[in-house]
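Position 7 of the sequence shown, counting from 1, maps to 7 under the UniProt record's numbering, and the rest follow consecutively. All residues carry an ideal CB built from backbone N, CA and C; glycine is no exception. Source: prediction; values computed, not measured.
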Amino acid sequence: MGLLAVILNKAGVSLGWMYLAMGVIIGSAVLPIAFMLLWRKANAFGAILGTIIGCLIGIITWVSVAKIEYGRVNLETTGRNAPMLAGNLVSILFGGAVHAICSMIWPQNYDWETTKDITTVEKVQSELPAEEFKEEKLVKAKAWIVKWGIGFTLVIVVVWPIMSLPAREFSRGYFTFWAVISIAWGTVGSAAIIALPLMESWQTIRSVCIGMFTNDMLMEKIEEINLKLHSIVTSMPEAERLYLLQKEKIKKMEAAEQQVQPTP
């Protein structure tokens, strides 16, 4: 991604332009994907058709607004707010509208049976502690997610932008303050998403690392034990005979169990 960013920058394409252009190009698939996941009547043909038509109409709108508003079409004019906004809105809404119309005319009436057959966590919960699946714990976890999810969304989408209104046009000092907060926020967030998984999986990571550097020592210990056992068995013929008899007995028991097991 870093190499791609350098190439685009050398070509005069900023990441901001690319990010907004992606909304025009792939935004038409947003509502069809949501419909396919949540709406029983959503059909596959409508999703494909809506995505393609929405993308094409969005690009046409994007370029047309740039031409009408600024008289020319280039990186500078297509990257301005009005063309980008128009292209994104048309792409997203038109793709969803086409899919919705097709689904209403030719409803697929999906019964979700294939999704119900997917192995879920609940079906393999035997390996997890029973308390992880208690209703009260799940309700508590859901409440925590809803509380912090909605709260954080309000802070990012509502409170954070509103805080910039009193400043109107940012002064140099205010912009510096704003940038410092943004950088600090990003740094703390990056540290959290890197450190927390490491802390959570530390025991597993530690076991793997120890295994990487102790396998040779372990094999040496096993070879030493095997050598000692071989010496004992060799010096005691009776012990070797009993060992072979026991080994043969185990093989016969395993063969008998395999014959008893019904074939699927």
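- Cα atoms of K41 and F35: separation of roughly 8 Å, rounded to the nearest angstrom.
- In this structure I92 is buried. Its beta-carbon is surrounded by 16 or more other beta-carbon atoms within 10 angstroms.
- When secondary structure is reduced to three states using DSSP, K140 falls in the helix class.
- Look at the region 197 to 260 and you find these whole runs of alpha helix (DSSP H), each 4 residues long or longer: 202 to 235 and 237 to 260.
- In this structure, DSSP gives S171 a state outside helix and strand, which the three-state scheme calls coil.
- For P83, the enclosing alpha helix (DSSP H) begins and ends at N81 to I105.
- Here P197 is exposed, its C-beta having fewer than 16 other C-beta atoms within 10 Å.
- Going by DSSP, W62 is part of the alpha helix (DSSP H) stretching over A44 to Y70.
- When only Cα atoms are considered, Q246 and K252 end up about 10 Å apart.
- Excluding its 5 nearest sequence neighbours in each direction, L31 has C-beta neighbours in its own chain below 7 Å: I92, G95, G96 and H99, listed in chain order.
- Judged by their CB atoms, T51 and A29 are nearer to each other than the 7 Å cut-off.
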